[in-house]
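Chemist: The structure's right below; bear with me while I get my questions together.
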Amino acid sequence: MKNIILTIAHTKGGVGKSTILVQIVIYLILKGFKVRVADCDPNKVTTFISRRRAKNKKLKGFDSTVISSVAALESFCSSDFDGITLIDTAGVDCALTRRAIELSNISVTPISPSTTEFIGFATFKRVVESIGVPTQKVKMIINQAHPRCKIDKDYSSFKKQLGCEFDFLNTNIIRVSDFDNSLSSGLGVIEVDKESKASKRIESLASELIELLEV
2 MKNIILTIAH
12 TKGGVGKSTI
22 LVQIVIYLIL
32 KGFKVRVADC
42 DPNKVTTFIS
52 RRRAKNKKLK
62 GFDSTVISSV
72 AALESFCSSD
82 FDGITLIDTA
92 GVDCALTRRA
102 IELSNISVTP
112 ISPSTTEFIG
122 FATFKRVVES
132 IGVPTQKVKM
142 IINQAHPRCK
152 IDKDYSSFKK
162 QLGCEFDFLN
172 TNIIRVSDFD
182 NSLSSGLGVI
192 EVDKESKASK
202 RIESLASELI
212 ELLEV
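Quick note, the sequence shown lines up with residues 2 to 216 if you use our numbering.
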């Protein structure tokens, strides 16, 4: 497998980028994929989880490297690696976030189904347009949705409100406490209860991304 790059990006904080990335990483390593993380988020959540897992010999670990410059990110991504590189980004418009999107095979953007989130998305849309990234490279995912939130199967209402041409992933992530509870212990939801609703959503999301990345 050649080095495949998956970026989780948004120019707004608090949308669940790091949570989604960590859950995907843990799912992938449990399925035998070789993965590494470029942690470009100043909060360093992914690196924290990586170090916490390293202290528990019962858990499978993953490497997370803190990246603070475009040059460092380019060097990291171009280094010889036969697996999947995941990039966690800061929730701001900056050169590092822009380059992470450019370098990726697929860039996933989480967004919550609320008016304020839709307004904040306008900045991200302008960023993608300004750097000339093909729209098919950017995939949207509904995240932190209320369990009772009505979501169109084709996401037509969301596309209309966002005014964008980006495709939505088929999987959407509901707001449940399982995600926060598992991460507080350095675990993925699939390690806590593989039959839970949260685990099933992550399994569906990861499977969808694996297919898109052709790995």
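Yeah, the Cβ is synthetic: ideal placement off N, Cα and C, and Gly gets one too.
How many whole angstroms separate the CB atoms of residue 170 and residue 23, which I take to be in contact at a CB cut-off of 8 Å?
Modeler: Their Cβ separation, rounded to whole angstroms, is 17 Å, which puts residue 170 and residue 23 out of contact at 8 Å.
Chemist: Shortest alpha-carbon distance to residue 130 belongs to which of 192, 114, 162 and 94?
Modeler: Selected option, being the one with the closest Cα: 94.
Chemist: Find out if the Cβ-Cβ distance for the pair residue 8, residue 102 is shorter than 7 Å.
Modeler: Contact flag set, yes.
Chemist: Can you tell which of 33, 208, 186 and 207 has the C-alpha that lies nearest to the C-alpha of residue 47?
Modeler: Nearest C-alpha to residue 47: 186.
Chemist: Pull up the DSSP beta-bridge partners for residue 142, would you.
Modeler: The partner list for residue 142 (beta bridge, DSSP) reads 111.
Chemist: Span of the beta strand (DSSP E) holding residue 206?
Modeler: Unbroken run through residue 206 is the alpha helix (DSSP H), 198-214; no beta strand (DSSP E).
Chemist: Among the residues of its own chain, which have a CB less than 8 Å from the CB of residue 137, if the five just before and after it don't count?
Modeler: Once the five neighbours on either side are set aside, the close Cβ partners of residue 137 are 168.
Chemist: Compare the beta carbon distance of residue 181 and residue 197 with 7 Å and say whether it is the shorter of the two.
Modeler: Taking 7 Å as the Cβ cut-off, residue 181 and residue 197 do not qualify as a contacting pair.
Chemist: Would you kindly check if the distance between the Cβ of residue 125 and the Cβ of residue 12 is under 7 Å?
Modeler: Yes.
Chemist: Excluding the five sequence neighbours on either side, which residues of its own chain have a C-beta within less than 7 Å of the C-beta of residue 67, listed in chain order?
Modeler: 40, 45 and 48.
Chemist: If you reduce the DSSP assignment to three classes, tell me which class residue 101 lands in.
Modeler: Reduced to three states, the DSSP call for residue 101 is helix.
Chemist: Buried or exposed for residue 90, please, with buried defined as at least 16 other CB atoms from any protein chain shown within 10 angstroms of its CB.
Modeler: Per the 10 Å Cβ criterion, buried.
Chemist: With residue 81 and residue 35 assumed to form a contact (beta carbons below 8 Å), what rounded beta-carbon distance in angstroms separates them?
Modeler: The Cβ separation is near 12 Å, so there is no contact.
Chemist: Inspect the beta-carbon positions of residue 87 and residue 38 and report whether they are closer than 7 Å.
Modeler: Result yes, Cβ atoms of residue 87 and residue 38 sit closer than 7 Å.
Chemist: Given a cut-off of 7 Å, decide if residue 113 and residue 145 are closer than it, judged by their beta-carbon atoms.
Modeler: Against a cut-off of 7 Å, the Cβ pair of residue 113 and residue 145 comes out as a contact.
Chemist: Is it buried or exposed for residue 164, if we count other Cβ within 10 angstroms and need 16 for buried?
Modeler: That one is exposed.
Chemist: Give the secondary structure of residue 169 by DSSP, where H, G and I count as helix, E and B as strand, and everything else as coil.
Modeler: If DSSP states are grouped into helix, strand and coil, residue 169 belongs with the strands.
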